[in-house]
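Taking it in order: structure first as structure tokens, then the write-up.
Below, the structure written as structure tokens:
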């Protein structure tokens, strides 16, 4: 189901004029969008949920910095309202509600549009991603979350309330840094969870190859491909922020964006490492199968090689020829047993030498 | 047949001077080319089909924008006539009728020549592509469709008639954007159809590997290669449009072309993902075969290991030696049965331990 | 034999001073080199074969354009004579006669040295290539063919004689374009022939995997590698011509060279596609082998599983124990048959369920 | 355990403000951090361990060069103290104690922050890496070691004490060169150890493929991936030092950094070579398994082909038909033996011809 | 042994100050270093072996060009002496005696340091390489050979003595060209030898896959990796020489270096081709194994399928039931033979149909 719906959103929009707002979130959530506003300066901080969304939330004209966070993107009208309030380009609105964007950065001069993807990993459902869109302007930051998973921004808010760190005393670009940093920190958690999952797989594989393990290896490989798609383009985004080509990015923040850039590369490194580990496991799996077949064949061959000649021998003395001198020997039966036991031992010795036993 | 004809068009032209017009469309369509003209301004819009194609359709000299769309490329004379009317370079005419071009953008100064490929996917025929050529000049746009599949431009026309969106109030470059956008939207539909097809394959594969499934996996992989060839170069085309090096591309439109660029990369991402998924399925398939062989071998080995020794034993007591003391025992027969049953149970136990049963 | 001689030419020259002329053509051709001259202007055209090759053929000093074509490179003295006449760099002469060059373009200021490779494909011999060297100067073009295959330049000559196209009215760079275009057109023919060959292979493979087919797949893969080596570097050559860095390339011709560049990329695309197709066939082949082995094993297992127990059973009643009650039963024989038939049917049913039958 | 803890450090920091110092070293070491200071000039050298770490160690204001080396990073307060003393950016402190950084170079203007990774290889534990951080400023160098493995810097110290080489007479950038050079020299030792390990594997593999060897091949491949991750980015670091964009890097030292750059590439070359060797071994392993299965099958087939027909034959003459003329022949028994021996010999001959024996 | 010693040289130097001269040649040669000097001008040439190596060999101050060639690098003192005489950077001396350098070019302003690697191929020992170091200065060239293999420079010397070619009339950079050209010419010889070796392997493989052939394929693949490492970086070296960034490289010589660049690419092309060929052979090998196993299985299955039922049948009539009507029939025995022969023929027919026979 997940895979099937992956491109549905886009195609259901075919034929509509550009800028048409259709929410294409993968996971329907009930309830309406939640808007929360935070205005802060080094001295004070004010949090509130606006009552009346018909009027525009003021984001300019004060020395305070305003952060408007929207959770839940079902209310397309709300998004359009935001667009009208702040003069956002229609394509931005389209990208916000169409939540299958790759991470990207678009510089519109007055403001920067940033898309990133939060990633979560569950043993059973695999990778799940959620689009986070941000509009970074002078003195304000608008952020839009799909709102599927819990709120990753809460720790940032906590820090702001407590006045810890430099976040209150710097510009809105540093707030953007804080949010992206929170997203990237989440990637490390995912890598760690995956690491445990991979380790479990390795232990199970060590016990013996089953078709089930194979499916999980291939499934995880697929999940890693999806994660890679969400993380890889962030590298360019943070590189662009680090270069600081926009006047909205201060030199102080550039150092921090370089830090995120480093982390992103570390995550990509980790993803590549998992790919390599899984390829190794796949090799191990395939050769285990080959080994097992080989082992089974050896067993059958040993059994066959011992008993086929013996069965032939006893068949010989079951024949009804008139004249068969061995049959007349008083100890013929016991002598034959002796021959057969000797023959078996010889063969076993032979197989031991060949290391088939 | 499809593959064979793939390069026929080109080679049948070998030896002809450059600029020779030979239609090399893959799918012959009956009937003649259809020419439709649309002139529009923010205020009004006029659609008509020119009666007399001997005279040139006027495309300049008014403040209105003119869109001339040609469907069907069999009428090579018509194309030549267009070339004469508007002073197009002979190589452009050649590229229009020779419909195996890669997507490309050629800037001729006064006008830009753009080639894109529409893509359709059918479960049975696989990927089918159709060349769309456009000549974008100041105040006009000429577009040429092979006209195999239904008209993807109809939704754009509808929007223009209804005056929805910004398309009527902007320049011809925005119209070009609208057409390319329609083509790229079609790619998402194809991705979605492919996604369903892949999912069906996965379900069937889960039931058991058959040679039939393998052929479909490899066939789909091939189709994806063909799709990739049609989409990948569009990335460069839209990147060039986004950079807006030509004076024909306005700053307003550049943002929109960046949007198409993003979509193109998303499509390429999707194609790469399918390739990875199919590779995973191929791995799964191959190891399933190995597993099955292993399973069959185990079964044979178990049967052989149980019955070969037993058959040997009963063969022993079928021998005709004069003196065989066991044969004389009154319950010898039943004792032997006991031994044989015990032996079988032991072996079954052994195999259970080895997890062969 | 082909492979062995591939690098012989080069190594046989080791130790000689640079600029030493040793013809290293792979295919010896009898007869001497043929020199043909064509001088043309929009008004008139003159073709002749010079009688006396001791004197230099005049290529400058008139407004006509002169094309000197040399077919066959055995006559090293002739090449040296050309070098002396037109003041060519000794390394150029060396490259002309040493016919294992990669396609390349070298700008010597006064003239441009271009190497391209004609490619032919035969079902039995595979890819065969022939080096075409050209020296493009102001008002003249010298071309050198190994002269193994038929003359690809004949259609160009025909066009010139007939005065068709623009070739007579443009500079010598356009003539160079015409010749390279003829070479690239030949690539499409090769792709088409290969396409048919691949298709035949696919049909044969569908009937069943044989070691013979495998060899042909791998052989074709190898041929494609050789073709790729001949075509790939032409991309850079035509790109350099398109950029028109030399004053010898006019703006008019640049558009045409861009066209060849496009065609070259199309050919490379085609080659890559064949590689992918062949990889798919290889996968199909290998898994077919696995499938067949699996099928054979199933058959053996079914036969063994049915007859080993039955043989055991009849062995039981072939024993010579004194007291075997079943043997005394009047219908014992028929009852046993009943048991055995029932047993067989049960097993067949079991195998049907397991889909082994 | 190693794999699991690989990303733990990072994720345990999620939610903390940037610049928070949490030591995330993989291998806990007991004891506290050790600080050693060395001040030197061409004339004299002074080594000491500061008693009182509450005061800042003076690193500026003299013509001597000061090298402060910290071993062991558990004492986060100490690191913070260093940061305060020398005005280091909080992100640097974070990177020093969070020891899972990739090698990198960050130019902060007044000082350069360099991260490299020491690598050790043990047959049993595989690759172990340790982060070395350096802050290179005018007249001073701060270095931070995790302090797990023995001190690689001792030879450098020895040279300084002995006044050998140019190290005492040059700037702090040359000292940085000396330390990085020591680290890179360590890589060659690792490559050599790996080389021996690979050779041992090759010898064991030559004796016969075991699942154990396979695991070691795949394990080593994994270790090489980890080593690659530690070495590869150093290439960019040394390239940046060689370009000497910072005023802290003198022209004299640039030549030396170019030398390290060369060595780094040599190490990367070596790593790639090992990857290729291991891939070759994997191919060898897999085909050995295939070969062995083939061999076992041949053996079984030979045994079966000889004894199945013979058993059938003796079964024939064990039948109890009333009238079986062969049974009556006086030498029937011996004649049958003759036939059976002849048959066996024929089959053995047949198999010899087929090279199955 | 070769592999093990590959990185020994480097690691044995760990801890020594940079610039320490330790000869790390792989192949110890007896005897001392041989120094030969050649001074030449267009008019005259003078060759001698200096008696007294304590004094510096004059290389400047005359209009003649001086070429000093050193063969054998055991005499580290001699190298140091050269360094002192001509003011060479200590790292250069280190690189000269440490003969595991990658090909590289280092421009020291007054002189250029060039490292290249001669390559030899022997069927039994595989690839062997030898480092050639050169210092190219105004009016002089110093060259250092490990001196393991025969002297590749002899043909160059011959040409100089005979005054053939342009070598005597041009600068020392042209002499450098001559030497590098001689090295690259050697690569073609190696390619040719490898080509023959590959061809032999192909022929042997055609006869049947043996573990021995596999080892040689994988071994050759490894050798090719080593050769690639020696040749690949030369591409950059010759590209740098062709660009002629140093004032030591004249425009005349640049054309010649471009020629070497071309040859180097041809060699790399050839190496890549061999890699591809060997991959094809590996595929062929692996599938041959699969095919053989399949064939063996078919044989066993055919034998089993024919004789298991027959053995069962004769077992039936060997039973000792009191009442078995068939046994009483006068021709029962012959009738059974008829049935069995018919059964066998039917099965053979069946297998023929299935193409198993």
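Protein chains in written order, with this note's numbering: chain A, 68 to 424; chain B, 68 to 424; chain C, 68 to 424; chain D, 68 to 424; chain E, 68 to 424. Glycine is no exception: its CB is placed at the ideal position from the N, C-alpha and C atoms.
Residue 136 of chain C and residue 169 of chain C have their C-alpha atoms some 20 Å from each other.
Secondary structure at residue 331 of chain A: helix, using DSSP grouped into helix, strand and coil.
A residue is called buried once 16 or more other Cβ atoms fall within 10 Å of its Cβ, and residue 191 of chain B, having fewer, is exposed. Residue 297 of chain A and residue 326 of chain C have their alpha carbons spaced roughly 38 Å apart. When secondary structure is reduced to three states using DSSP, residue 240 of chain E falls in the helix class. In terms of Cβ geometry, residue 152 of chain A and residue 179 of chain A do not form a close pair [threshold 9 Å]. For residue 189 of chain B, the beta-bridge partners assigned by DSSP are B:193.
Comparing alpha carbon positions, the residue from B:210, B:110, B:289, B:184 closest to residue 231 of chain B is B:110.
Per DSSP, the unbroken alpha helix (DSSP H) holding residue 143 of chain C starts and ends at 143 to 153. Its chain contains 365, 368, 369 as the residues whose beta carbon lies nearer than 8 Å to that of residue 423 of chain D, once the 5 sequence neighbours on both sides are disregarded; these appear in chain order.
Taking 9 Å as the Cβ-Cβ cut-off, the stretch 332 to 358 of chain D approaches chain A at 349, 352, 353, 356, 357, given in chain order. Under the Cβ criterion (8 Å, minimum of three pairs), the stretch 371 to 381 of chain B counts as touching the stretch 368 to 385 of chain A.
Our two residues, residue 339 of chain B and residue 261 of chain B, have alpha carbons roughly 13 Å apart in a direct line. For residue 139 of chain B, the closest C-alpha among the options B:268, B:128, B:99 is that of B:99.
Against chain C, the CB of residue 156 of chain B has a partner CB under 9 Å away; the residue lies at that interface. Taking residue 171 of chain C as the centre and dropping the five residues before and after it, the same chain places the C-beta of 182, 300, 304 closer than 7 Å to its C-beta, in chain order.
Put simply, the CB of residue 278 of chain E is near chain D, with a gap under 9 Å to one of its CB atoms.
Taking residue 117 of chain C as the centre and dropping the five residues before and after it, the same chain places the C-beta of 102, 104, 124 closer than 8 Å to its C-beta, in chain order. Assignment of beta-bridge partners to residue 180 of chain D by DSSP yields D:173, D:202.
For residue 417 of chain C, no Cβ of chain E is located within less than 9 Å of the residue's own Cβ. A Cβ-Cβ distance of about 55 Å is found for the pair residue 239 of chain A and residue 281 of chain D, leaving them out of contact under the 8 Å criterion. In this structure, the straight-line span from the alpha carbon of residue 344 of chain C to that of residue 213 of chain B is close to 27 Å. Apart from the 5 residues on each side of it in sequence, residue 211 of chain D sits with its Cβ closer than 6 Å to the Cβ of 137, 163, 200 in its chain, given in chain order. A Cβ-Cβ contact shorter than 9 Å links residue 132 of chain C with residue 206 of chain C. In the DSSP assignment, residue 105 of chain E forms a beta bridge with E:114, E:134. Counting C-beta pairs with one atom in each stretch, the stretch 397 to 413 of chain E and the stretch 397 to 407 of chain D have fewer than three that are closer than 8 Å, which means they do not touch. For the 9 Å CB-CB criterion, residue 257 of chain A and residue 159 of chain A do not form a contact.
Around residue 281 of chain C, no beta-carbon contact reaches into chain B at under 9 Å, the shortest distance being about 16 Å. A Cβ of chain B is located within less than 9 Å of the beta carbon of residue 329 of chain C. Taking C-alpha positions only, residue 189 of chain B is separated from residue 275 of chain A by approximately 42 Å.
In the displayed model, residue 354 of chain E falls within a helix according to three-state DSSP. Out of B:396, B:388, B:145, the CA that lies nearest to the CA of residue 388 of chain C is found in B:396. If you draw a straight line from the Cα of residue 107 of chain B to the Cα of residue 323 of chain B, it is about 20 Å long.
Around residue 186 of chain E, no beta-carbon contact reaches into chain C at under 9 Å, the shortest distance being about 12 Å. Pairing residue 88 of chain E with residue 120 of chain E gives a Cβ-Cβ distance that is not under 9 Å.
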